[in-house]
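Working notes for the structure below.
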Amino acid sequence: MTTDPQLQPVLKVRNLAVQFPTRTGVVKAVDDVSFDLYRGKTLCVVGESGSGKSVSARSVLQIVDRPGRITNGSMELTRPDGSVVDLAKLDPRGKQIRAIRGREIAMIFQEPMSSLSPIHRIGEQIGETLRIHFGTPKDERRTRVIELLKQVEIPNPEKAIDRYTFEFSGGMRQRVMIAMALACNPSLLIADEPTTALDVTTQAEILALIKKLQAEYGMAVLFITHDMGVVAEIADEVLVMYRGKVMERGPVEQIFHAPQADYTRMLIGSVLKLESKAEIRLKREPEAIAPELLLDVRNLSLTFPGGLKAVNDVSLTVSPAKRSVLSARAVRARPRWDVVSCVFTIRSKAPPISAARTARSSTSALPRARN
Amino acid sequence: MRRPTFSRPTLEAKLLTFILKRMLFAIPTLIAVSIVAFIIIQLPPGDYLSTLMADLASQGGAVEEGTVAALRERFGLDQPIYVQYWKWVSNIVLYGDFGISFELNRPVTDVIWGRLGFSFLLAILTLCFVWAVAVPIGIISAVRQYSITDYGVTFFAFFMLAVPDFLLALVSMYVLSTYFGQSVGGLFSPQFADAPWSLARVGDFLAHVWLPVFVIGIGSLAALVRIMRANLLDELHRPYVTTARAKGMSELELLLRYPVRMALNPLISTLGWILPAVVSGEIIVSVVMSLPTTGPLLLRALLSQDMYLAGSLILLISVLTIIGTLISDVLLAIADPRIRLQ
Ligand SMILES: Nc1ncnc2c1ncn2[C@@H]1O[C@H](COP(=O)(O)OP(=O)(O)O)[C@@H](O)[C@H]1O
Ligand SMILES: [Mg+2]
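If you read the protein sequences in the order shown, they are chains A and B. Once you know that position 20 of the first sequence is 20 in the numbering used here, the rest is easy, because the numbers rise by one and skip nothing. Once you know that position 266 of the second sequence is 1266 in the numbering used here, the rest is easy, because the numbers rise by one and skip nothing.
Laid out in structure tokens, this is it:
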């Protein structure tokens, strides 16, 4: 046994098995899964959907949906005071596991909209964890929640605290979820596909935020995804799952450069194939412009009165034979839409592009925090 | 680059606009209701005087034609219907004068206020009873889905939905008086009927009122239990429940704070139809149980074509219903912030 607490895993899962007794038989959703989570390190669980990632994560908090049941294994949590509890042995409705949920292990989910209540103010939902675990009085809670909102980079935290989820964009809602998870300064953060429902740009922002906060709080992170791109971005260690079983486990470099399991190779391969297709297309000679162009946009720019350059020198063509996808991977999500609205304003022979009108079409999204 | 700040109207401002808008919308409804009420009481052929003469003739008496014409003129019955309507409505709005009751020969206002008060009280008590009982039963039924309790509640609810009010009123009165020797009917024992309010009178009132409240409310109660159960079953497995559970909240607190709170919202809007159901149920039941409310008065006024009395009663009952619906809209907007955005 090591004496250095840093080398001691925060959570040690051994031979975890979860079963769902159904009418047609017993579904082994998780079958003999083992892993360790260390402070400051991220373990990514990957696998296609239905491979048991979410069920594994939920088992840790004992919140598996009925009729799911942990049938075997141990989950040893080392608490800050050095004591060790086996989470698998706790009663799912008991006081002991409740004291751990949200306090020592926090969880964020895939759909921030449905995972938050639409009729409670976000400040209330974030501060609740503090009330449950520390009995923090109301005004103190408010101060702490504002501080948390600042940490997750939500603009105007003093005002945002009294707003409802439907007043936020998807990325902002996920930030609210993260603030909620961080409220009690947990030692383990479980993130179940937190970026899957978000667009690419927002996804990158959320990943960066989680990384930053992990460094600040020194948490262990259990990150679930089905996207190898995300794995490459965030993982220290990777656990590949398929049909409830662990296919492969190892450091991220090994998984990408020397994958052992065929399934892992296939997962990596499917990402590469997508990318190579795009590369092949780029390498091809641009075809001669077809005589019948549907749309030919040259050097389109759009500047808002405030000086914000939404669209800067964009050219594109649409020909009848091909579909064009306007993708803006590296930039913020908004401009793609602005290009489209410009084009339509022109095509409908409206007076010169009305910036106000175009700006309006995107007011439903809140301003992004990172500029 | 500067971030734009929140400059949209706040949700609170939107709530106020919402309430004002709803109140404005209630005005055309009120006008329509007053017209419909007036048309309904004019629909049967003849008027109060022809009914009166027919009654007198059947008893062997006769009235001279001249007297009838004079009376017609005095009551304004010889004028076109829209003039009668306009006089009636403008007097109500300007002077609070609802006209006179021909049959009782007294101003309508003298006759109805006391009864309207009891009707209102009965409706409020019934609503409280229905909600206070239906919500917890609905919760238990949903949380213990497919348990004995749930099946029992479901059976009872469907049974009660199928039994008509008046039948329940008759049966319960019969059972109570024959097997328990209770005085049933009315809202007071005879010695308290016209006594001034006192603690003893309140006690007597409570001892009488529970039966009509039960009879009038049970149908709506059964419907509400079913609705509450269905709403809650929809909410129990929503992701936000899992989120709250993952925070470490206890199961009971979680249940009440999230899914139940959500399931109550659609229930608030049922006030819009429960109130009319209670009011019309009250009219039938109070005739059967001879309660001192508007029901028996309305029935008598309709039979004798006492048009201003009947019209005023219909109008006031409708107004109460409209106000109830307005209140339920406002409550819903307060309870569910999403409503205010629409
Ligand atoms: N509530 C449930 N009832 C029955 N089976 C379930 C339930 N939840 C999950 N499962 C089973 O567990 C398997 C793994 O699910 P899950 O962990 O959600 O997959 P994912 O890897 O996509 O997160 C599913 O394929 C399903 O067979
Ligand atoms: Mg999943």
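Note that CB positions come from ideal geometry on N, CA and C, so glycine has one too.
Under the Cβ criterion (8 Å, minimum of three pairs), the segment 179–193 of chain A counts as touching the segment 96–110 of chain A.
If the five residues before and after residue 1186 (chain B) are omitted, its C-beta is found closer than 8 Å to the C-beta atoms of 1193, 1208, 1289, 1290, 1291 and 1292, all from its own chain and listed in chain order. Residue 1023 (chain B) carries a helical assignment under DSSP once its states are collapsed to helix, strand and coil. Look at residue 192 (chain A) here: in three-state DSSP terms it is strand.
When secondary structure is reduced to three states using DSSP, residue 184 (chain A) falls in the coil class, being assigned neither helix nor strand. The continuous alpha helix (DSSP H) containing residue 125 (chain A) extends over residues 122–134. Approximately 16 Å separates the beta-carbon atoms of residue 1113 (chain B) and residue 1311 (chain B); this is outside 8 Å, ruling out the contact.
Close partners of residue 99 (chain A) in chain B (Cβ separation under 7 Å): 1248. Taking 6 Å as the cut-off, one finds at least one heavy atom of ligand 2 near enough to the beta carbon of residue 53 (chain A). Listed along chain A, no residue sits closer than 9 Å to residue 1136 (chain B) by beta-carbon distance, the nearest being about 21 Å off.
For residue 96 (chain A), the uninterrupted alpha helix (DSSP H) segment begins and ends at 95–100.
Taking the Cα positions, residue 1040 (chain B) is about 23 Å away from residue 1274 (chain B).
Per DSSP, reduced to three states, the secondary structure at residue 222 (chain A) is strand. Residue 116 (chain A) has a beta carbon lying within less than 7 Å of a beta carbon in chain B.
Taking 6 Å as the cut-off, one finds at least one heavy atom of ligand 1 near enough to the beta carbon of residue 20 (chain A). Scanning its chain for C-beta atoms nearer than 6 Å, with the 5 sequence neighbours on each side dropped, one finds around residue 1201 (chain B) the residues 1192 and 1195, in chain order.
Contact check for residue 161 (chain A) against residue 123 (chain A) passes: the beta carbons are separated by less than 7 Å.
A Cβ-Cβ distance of about 5 Å is found for the pair residue 238 (chain A) and residue 252 (chain A), placing them in contact under the 8 Å criterion. The closest heavy atom of ligand 1 lies 6 Å or more from the beta carbon of residue 85 (chain A). For a cut-off of 8 Å, the C-beta gap from residue 1044 (chain B) to residue 1305 (chain B) is around 6 Å, short enough to register as a contact. Around the beta carbon of residue 1129 (chain B), 16 or more other beta carbons lie within 10 angstroms, which makes this residue buried. The residues 32, 33, 34, 72, 73 and 74, in chain order, have a CB closer than 8 Å to that of residue 15 (chain A) in the same chain once the five nearest residues on each side in sequence are set aside. In this structure, the alpha-carbon of residue 1234 (chain B) lies about 44 Å from that of residue 1177 (chain B). Counting only runs that start and end inside the segment 20–86 of chain A, the beta strand (DSSP E) elements of at least 3 residues fall at 25–37, 42–46, 69–78 and 84–86.
DSSP places residue 154 (chain A) outside any alpha helix (DSSP H), giving it a letter other than H or E.
Taking all protein chains shown into account, residue 1283 (chain B) has 16 or more neighbouring C-beta atoms within 10 Å of its C-beta and is therefore buried. When distances are taken from the beta-carbon of residue 49 (chain A) to the heavy atoms of ligand 1, the shortest one is below 6 Å. Under the three-state reduction of DSSP, residue 1173 (chain B) is assigned to helix. Within chain A, 109, 115 and 116 have C-beta atoms less than 7 Å from the C-beta of residue 1243 (chain B), given in sequence order. Residue side-chain check: residue 65 (chain A) places its Cβ nearer than 6 Å to a non-hydrogen atom of ligand 1. Taking all protein chains shown into account, residue 1180 (chain B) has fewer than 16 neighbouring C-beta atoms within 10 Å of its C-beta and is therefore exposed. The three-state secondary structure of residue 1184 (chain B), taken from DSSP, is coil. Residue 119 (chain A) carries a coil assignment under DSSP once its states are collapsed to helix, strand and coil.
Residue-level contact by beta carbon holds for residue 61 (chain A) and chain B, with a gap shorter than 7 Å.
Residues of chain B whose Cβ lies closer than 7 Å to the Cβ of residue 128 (chain A) are, in chain order, 1247. Boundaries of the alpha helix (DSSP H) harbouring residue 1260 (chain B): 1259–1269, taken from the DSSP string.
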